[in-house]
Amino acid sequence: MNSPILVTGASQRVGLALALELAQAGHTVVSASRSVQPQPAHPNIVQFQADLCLKADRDALIDHLQRNYDGLRAIIHNASLWLDDDLDNLQTMYRLHVEAPYHLNLALGELLNKVEKADIIHICDETSSRGSKGHIGYAATKAALQNMVLSFAEKYAPKVHVNGILPGLLILKEGGDEAYRQQTLKKALLEFEPGAGPLIETVKYLLASQYSTGSQVVINGGRHLKNRMI
């Protein structure tokens, strides 16, 4: 069966590393992102340019998948924006973190149900469980994404497994100095920059799991415990 994995926000950083890993493992990966590369990073990656904040772009992506594939192995909602707190930014993050996954999950349910076992994975954030005074809108919209794991897990059981991943720091932001690096790393019990590996390992585990749905996997280096001890 011709059943790809849809990965949103897969044109750079962790999303690109994830798409490449899945492609190298033999999966066809549809990479849906606002920007595309002149050439895909791997022959198994199919690039689809879409601004997922826009319903018209999401409709075009849905139509593309329905016309070209006879099933869908997984949806991985990785697309994310970390914006400062103001009303316009909140609306943008809501459209990307909540409206887009909600729309795609509902519209692509039939394709997911055509395979023996399908997965939906919501990439949330460790702040979606504890909040963030510095990024209230980001944490709130990621919390909504986390909550939808529960609803879609119940709606699509038993054939489609729906789980969430709550990462902390994976890759430091570009352009930060050494003071920023040290201050950021010290927020976790495991004080190093892990890269995309922990998220990729967790995605692979969930894709292989036969008995996990409606669950949340935290990969934050023990940051929640470090905060509790301060």
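Going left to right, the sequence shown walks through residues 95 to 324 as the working numbering numbers them. The beta carbon of each residue, even a glycine, is placed where N, CA and C say it ideally should be.
Subject >> Range covered by the alpha helix (DSSP H) that runs through H197 >> reply: Translated into the one-based positions of the sequence shown, residue 197 becomes position 103. Run containing H197: A194 to A201, per the alpha helix (DSSP H) assignment.
Subject >> Candidates A237, V130, E268 and N162: closest to L110 by CA position >> reply: What you label residue 110 is simply residue 16 of the sequence shown in a count that begins at 1. The candidate whose alpha carbon is nearest that of L110 is V130.
**OP:** Can you tell me which of the three DSSP states A144 falls into?
**Re:** Residue 144 sits at position 50 when you count from the first residue of the sequence shown. If DSSP states are grouped into helix, strand and coil, A144 belongs with coil.
Original post:
For I217, which option in R128, I294, V209 and P134 has the closest C-alpha, if you only look at C-alpha atoms?
Top reply: Here residue 217 refers to the residue found at position 123 of the sequence shown. Closest by alpha carbon: I294.
Original post:
If N257 sits next to L300, beta carbons under 8 Å apart, how far is it from one beta carbon to the other, in whole angstroms?
Top reply: Position 163 of the sequence shown, counted from the first residue, corresponds to residue 257. Position 206 of the sequence shown, counted from the first residue, corresponds to residue 300. Indeed they touch by this definition, with Cβ atoms about 5 Å apart.
Subject >> Three-state secondary structure (DSSP) of T122 >> reply: If you number the sequence shown from 1, residue 122 lands on position 28. In the structure shown, T122 sits in coil (DSSP, three-state: anything other than H, G, I, E or B).
**OP:** Could you spell out the range, first to last residue, of the alpha helix (DSSP H) harbouring H171?
**Re:** Here residue 171 is taken as the residue at index 77 of the sequence shown, counted from 1. From DSSP, H171 is part of no alpha helix (DSSP H) but of the beta strand (DSSP E) over A168 to H171.
**OP:** Quick one: grab the DSSP three-state call for A111.
**Re:** Position 17 of the sequence shown holds residue 111. Reduced to three states, the DSSP call for A111 is helix.
Original post:
Do the CB positions of S226 and A237 come within less than 8 Å of each other?
Top reply: Translated into positions along the sequence shown, residue 226 becomes position 132. Translated into positions along the sequence shown, residue 237 becomes position 143. No, the pair does not count as a contact, with Cβ atoms beyond the cut-off.
**OP:** Could you round the C-beta distance between I265 and A282 to whole angstroms and report it? I think they count as a contact, below 8 Å.
**Re:** Taking the sequence shown and counting its residues from 1, the one referred to as residue 265 is at position 171. Taking the sequence shown and counting its residues from 1, the one referred to as residue 282 is at position 188. Their Cβ separation, rounded to whole angstroms, is 14 Å, which puts I265 and A282 out of contact at 8 Å.
**OP:** Could you check what DSSP says for I324 in three-state terms: helix, strand or coil?
**Re:** By 1-based counting over the sequence shown, the position of residue 324 is 230. Reliability fails at I324, whose pLDDT of 42 lies under 50, so the model's placement of it is uncertain and the value that follows must be treated cautiously. Three-state DSSP puts I324 in coil, outside helix and strand.
Original post:
DSSP puts L100 in a beta bridge; with which residues?
Top reply: To locate residue 100, count along the sequence shown from 1; it is residue 6. Per DSSP, V124 and I169.
Original post:
If we ignore side chains and look at the alpha-carbon of each, how far apart do Q276 and E287 end up?
Top reply: One-based indexing of the sequence shown puts residue 276 at position 182. One-based indexing of the sequence shown puts residue 287 at position 193. Straight-line Cα distance between these residues: approximately 10 Å.
Original post:
Nearest to A212 by CA position, among K253, K249 and R224, is which residue?
Top reply: Counted from its first residue, the sequence shown places residue 212 at position 118. Residue K253 is the option with its Cα nearest to A212.
Original post:
Enumerated in chain order, which unbroken segments of the beta strand (DSSP E) with a length of 3 residues or greater are wholly contained in the region 212 to 268?
Top reply: 212 to 217 and 254 to 261
**OP:** Alpha carbon to alpha carbon, how far is P98 from N199? Give it in angstroms, no decimals.
**Re:** Stepping through the sequence shown from its first residue, residue 199 is reached at position 105. Stepping through the sequence shown from its first residue, residue 98 is reached at position 4. Looking at the two C-alpha atoms, the distance is approximately 15 Å.
Subject >> Simplified DSSP state of V297, which is helix, strand or coil >> reply: Residue 297 sits at position 203 when you count from the first residue of the sequence shown. The answer is helix: DSSP assigns V297 an H, G or I state.
Subject >> Supposed close pair R128, D153 - CB separation, criterion 8 Å >> reply: Indexing the sequence shown from 1 puts residue 128 at position 34. Indexing the sequence shown from 1 puts residue 153 at position 59. R128 to D153, Cβ: 16 Å. No contact.
Subject >> Proximity below 8 Å, CB of T122 to CB of V140 >> reply: Mapped onto the sequence shown, residue 122 falls at position 28. Mapped onto the sequence shown, residue 140 falls at position 46. In contact: T122 and V140 (Cβ atoms closer than 8 Å).
Subject >> 7 Å CB neighbourhood of F246 in its chain, flanking five on each side removed >> reply: Here the question's residue 246 lines up with position 152 in the sequence shown. So the list reads N199, I214 and V256, once near-sequence residues are dropped.
Original post:
From what residue to what residue does the beta strand (DSSP E) around Q310 run?
Top reply: For the purposes of this step, residue 310 is taken as the residue at position 216 of the sequence shown. Start and end: Q310 to I313.
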